[in-house]
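For the sequence shown, this note's numbering assigns the number 6 to the initial residue and increments by one for each residue that follows. Every residue, glycine too, gets a C-beta built ideally from N, C-alpha and C. Some notes on the structure that comes next.
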Amino acid sequence: MFLCGKLKNMTQKYLDELTFNVIGAAIEVHKNMGSGLLESVYQQCMIEELTNRNINFVSEFKVPVVYKGKELDIEFRCDLFVENCLVVELKSVSEIKPIHDAQVLNYMNLLKVPKGIIINFNCFNIFREGQKTFVNEYFKKLEKE
Numbered sequence: 006m007f008l009c010g011k012l013k014n015m016t017q018k019y020l021d022e023l024t025f026n027v028i029g030a031a032i033e034v035h036k037n038m039g040s041g042l043l044e045s046v047y048q049q050c051m052i053e054e055l056t057n058r059n060i061n062f063v064s065e066f067k068v069p070v071v072y073k074g075k076e077l078d079i080e081f082r083c084d085l086f087v088e089n090c091l092v093v094e095l096k097s098v099s100e101i102k103p104i105h106d107a108q109v110l111n112y113m114n115l116l117k118v119p120k121g122i123i124i125n126f127n128c129f130n131i132f133r134e135g136q137k138t139f140v141n142e143y144f145k146k147l148e149k150e
């Protein structure tokens with residue numbers, strides 16, 4: 006449905022650069038706001054920062070859930086869906102747990118997109134400890150450059 010690999014010129018390099026830019030936006034938000042705030046505050050700041058950087062995204066994107074061919078009416082939302090190919094889940098927690106990983110991986114699989122990121126603003130340094138990136142089989146099918 007949303008497989009970003011079907012978009013023209015979609016490559017692993019493009020996704021890596023997009024990821025770098027989104028993490029850069031998160032670093033800027035963290036630099037200005039610090040840690041310890043609610044996730045909703047960081048989400049609004051990320052919306053502003055991504056908009057300022059002219060990065061296309063949808064906030065609170067409703068992830069479709071299909072069971073046996075029928076789309077279910079479920080409120081399953083991704084914090085940020087960037088360029089129709091990158092799932093971004095924002096957190097403000099003491100540590101990223103396996104359930105958070107599963108959440109991003111599920112969104113990636115349901116949306117059929119190649120890459121996802123968890124960004125945890127409750128840390129000292131976003132680059133070193135506040136982000137986690139995931140790729141799947143869709144990523145491996147993309148051209149490298």
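Status (buried if at least 16 other CB within 10 Å, exposed otherwise) for residue i
i: residue 120; result: buried
i: residue 79; result: exposed
i: residue 112; result: buried
i: residue 143; result: buried
i: residue 57; result: exposed
i: residue 49; result: exposed
i: residue 124; result: buried
i: residue 104; result: exposed
Span of the alpha helix (DSSP H) around residue i
i: residue 33; result: 17-38
i: residue 1; result: Because the chain here runs from 6 to 150, residue 1 falls outside it and cannot be looked at.
i: residue 45; result: 44-57
Span of the beta strand (DSSP E) around residue i
i: residue 140; result: 136-140
i: residue 125; result: 120-125
i: residue 93; result: 91-96
i: residue 77; result: 75-77
i: residue 63; result: 62-67
C-alpha distance - residue i paired with residue j, whole-angstrom precision
i: residue 134; j: residue 30; result: 15 Å
i: residue 46; j: residue 139; result: 24 Å
i: residue 26; j: residue 145; result: 21 Å
i: residue 19; j: residue 150; result: 8 Å
i: residue 36; j: residue 44; result: 15 Å
i: residue 53; j: residue 28; result: 14 Å
i: residue 98; j: residue 110; result: 18 Å
i: residue 93; j: residue 85; result: 5 Å
i: residue 148; j: residue 17; result: 6 Å
i: residue 75; j: residue 106; result: 26 Å
Member of the options whose CA lies at the smallest distance from the CA of residue i
i: residue 66; options: 73, 105, 82 and 117; result: 82
i: residue 131; options: 142, 96, 110 and 103; result: 96
i: residue 91; options: 42, 64, 150 and 44; result: 64
i: residue 158; options: 39, 76 and 20; result: The chain is shown only over 6 to 150; residue 158 falls outside these bounds and no answer can be derived.
i: residue 115; options: 123, 77 and 126; result: 77
i: residue 61; options: 149, 17 and 23; result: 23
i: residue 33; options: 126, 73 and 84; result: 126
i: residue 118; options: 88, 124 and 103; result: 88
i: residue 102; options: 68, 141 and 137; result: 137
Proximity test, residue i beta-carbon vs the ligand COA heavy atom, cut-off 6 Å
i: residue 145; result: Although the ligand COA was asked about, the structure shown includes no ligands whatsoever.
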